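One structure is given below, encoded as structure tokens.
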Amino acid sequence: MENKIILGVDNGNAYTKSSEGFSCQSGFTKSDVEPITKQNLLIYQGIYYSIGNNRSSVQLDKTQNQDAFILSLAAIADAINKAGMEQKADVFLGVGLPIIHYGKMKTKFREYFLCNNINFNYLGIDYTISIKDCRVYPQGYAAFINIFKDYKDIALANVIDIGGYTTDFFIVENGIINTATCYSLPNGTITLFASIQQELLKLNINLTEKQIQDIILGKQPVLFDADINKMIEIKAKEYVENLLTKILEYGFEFRNPTIVVGGGGMMLRKYIESSDKIRYIENLDQFANAKGFKILLEQELRR
């Protein structure tokens, strides 16, 4: 097959993102019959998947079901379409795992994706692909690779990756990760959303994660009064302050430069930047890990 595509995919618990700018909630509605709407519809092995219309429950081991694979097919189709290729391609995939699970799960996660002659339909277009190779990289550090050249001469820098379920953090020394400083806390943005939803339920108000996210980002829904918005803002600020305090307890020094990675960091950016606990901050967007996976994969394939 002449068509070849190299792609990074970040299979987050909250969102699935690609190096080419694809993003959707990490979930779908599954049906044996064709749904009423074909929006974001993927068909694989006779099953209809409405991609990204909800979020699946947190999965620590994504190889236990097909969810991450199905969502990755949508990202692959998007990349093929953006590249202007025919709908047949050999795919070389870069994916990631949290640093603390990397050594134990990387072989299993790699094998999970490897498959030839995959036939599926996405957004009304038929695709035939073979995932010829898949390489697994550590999340957070892959994102840092995007700016490695800016920090290779910096003695120490902190990296904080605020994900959906976990927050991973570590120190880089002259651009190289210090593996003795890799930690993970089970309090990503999903836990923040759950905390806010519990408070709102006491007021008989039921908001989705997307609605809460919009309020945190400063988008003001007309249906809710200022008190609700204020409560959500207070909870978001408390979450950030508690998170930074926990990281400090692991011996991190926020006088050193700090790189904040991912969609969680972008959503909470104003709260992080306004904290008096932290000095210099650089933010990398929600696609940084996926872009880093692609950079690292391209480097390996050139060897």
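Be aware that the sequence shown starts at 15, since it is given in the numbering used here, and climbs by one per residue.
Even for Gly, the Cβ is constructed at its ideal location relative to N, Cα and C.
Note that this is a predicted model, so its numbers are computed, not measured.
DSSP three-state assignment for residue i, whether helix, strand or coil
i      : result
Ser37  : strand
Thr203 : helix
Ile145 : strand
Glu287 : helix
Ile242 : helix
Phe268 : coil
Phe3   : Residue numbering for the chain in the displayed model covers 15 to 317; residue 3 lies beyond these limits and cannot be assessed.
Lys163 : helix
Val254 : helix
Cβ-based neighbour list, residue i, same chain, cut-off 6 Å, excluding 5 preceding and 5 following
i      : result
Ser288 : none
Asn133 : Thr142
Tyr197 : Phe183 and Tyr264
Leu206 : Tyr253
Met119 : Leu111
Outcome for residue i when other beta-carbon atoms lying within 10 angstroms are tallied against a minimum of 16
i      : result
Thr121 : exposed
Ser45  : exposed
Val47  : exposed
Asp81  : buried
Lys31  : buried
Gln212 : exposed
Ser71  : exposed
Residue-chain proximity (residue i, chain D), Cβ-Cβ < 8 Å
i      : result
Ala240 : Absent here is chain D; the protein component of the structure consists of one chain.
Cut-off 7 Å between Cβ atoms - residues of its own chain near residue i, not counting five sequence neighbours on either side
i      : result
Gly189 : Phe162, Tyr165 and Lys166
Thr77  : Lys122, Phe123 and Tyr126
Leu231 : Met281
CB contact flag (residue i, residue j, <8 Å)
i      : j      : result
Val23  : Val109 : yes
Tyr151 : Phe307 : yes
Gln101 : Ile139 : yes
Ala88  : Leu128 : no
Ile273 : Glu296 : yes
Ile191 : Tyr136 : no
Cβ-based neighbour list, residue i, same chain, cut-off 8 Å, excluding 5 preceding and 5 following
i      : result
Ile159 : Gly306, Ile309 and Leu310
Counting only runs that start and end within the segment 166-224, where is the alpha helix (DSSP H) found for 4 or more residues in a row?
203-215
Segments of 4+ residues assigned as alpha helix (DSSP H) that fall wholly inside the segment 76-158:
81-96 and 113-127
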